[in-house]
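K.L.:
Once you've had a glance at the structure underneath, I'll fire off some questions.
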Amino acid sequence: MNPDPSISSSPAPGGSTSTAVPPSTEWPCGHANPEERILSVAYGLFSRRGIRDVGVNELIERSGVAKATFYRHFPSKDSLVLAFLEQRDKHWTVDAVISKARSRGDTPVEQLLAIFDVFSDWFRQDGFEGSAFINVLLEMGPSHPLGKASIDYLAKMRGHVEALAKEAGLVRAEEFARSWHILMKGSIISATEGDLQAAQRAKEMARWLIEHHRP
């Protein structure tokens, strides 16, 4: 994969029930200051189009900020992508998936299975674009700093699953979480292919996995 010259870690000269998950086209925050405006625009563009297709000039124009202002808040495009991934983790992984799954089940096992109910709603949303972490990892590769960051965020998601597995009293919780995460990622890819039943198919396999890890 050829490096994109617009993605660089070097500073710029002189100086950025209904809905299962928040729409990826907007970052749920106020836009009173330039940093928030830039990140809000980046959140939508990176979610829909990936990293390489979005240039700094477009980000500056859509944010309505001066170039110097952009680079004062985000010294490189990489730094903005890292901020995007951090927000995606907070608003998608934590707020939209784990918190909603926990609210839908009374027991840890029910909450684990509810992850796929949350996914089922998400897969049917207009503008469903898949997992930003998977997308960035595949686009940039595992050796790129942004790919490595995506791997770390995917591992955090797996950590939430492992915590629920331990609460449920399942054995070999780490192994369980890795297998469960395969079902999660696989269902996202299948949904991206157009299979709107992917989450429910994964949920059925998830029930078998739970039984395999009961004491």
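Quick note on numbering: the working numbering labels position 140 of the sequence shown as 127, and the sequence is numbered without any gaps. The C-beta atom is built at its ideal place from N, Cα and C for all residues, glycine as well.
1. For serine 130 and isoleucine 138, what's the separation of their Cα atoms in angstroms?
2. Determine the extent of the alpha helix (DSSP H) in which threonine 179 is found, giving its start and end residues.
3. Ends of the alpha helix (DSSP H) at tryptophan 109?
4. Would you give the residue range spanned by the alpha helix (DSSP H) that asparagine 20 belongs to?
5. Reducing DSSP to helix, strand and coil, say where glutamate 191 ends up.
6. Taking the alpha helix (DSSP H) that glutamine 216 belongs to, which residues open and close that run?
7. Out of Glu154, Lys190, Val158, state which residue places its alpha-carbon closest to the alpha-carbon of proline 95.
8. Which residues bound the alpha helix (DSSP H) around histidine 131?
9. When burial is assigned at 16 or more other CB atoms within 10 Å of the CB, is proline 15 buried or exposed?
P.N.:
The short version:
1. A direct Cα-Cα distance of roughly 10 angstroms separates serine 130 from isoleucine 138.
2. For threonine 179, the enclosing alpha helix (DSSP H) begins and ends at 160 to 180.
3. 95 to 110
4. Neither: asparagine 20 is in no alpha helix (DSSP H) and is coded neither H nor E.
5. helix
6. Because the chain is modelled from -12 through 202, residue 216 falls outside the range shown and cannot be assessed.
7. Glu154
8. Taken as a continuous stretch (DSSP letters only), histidine 131 belongs to no alpha helix (DSSP H), as it is neither H nor E.
9. Summary for proline 15: the model assigns pLDDT 47, below 50, so the residue's position carries little reliability, and this model does not support an answer.
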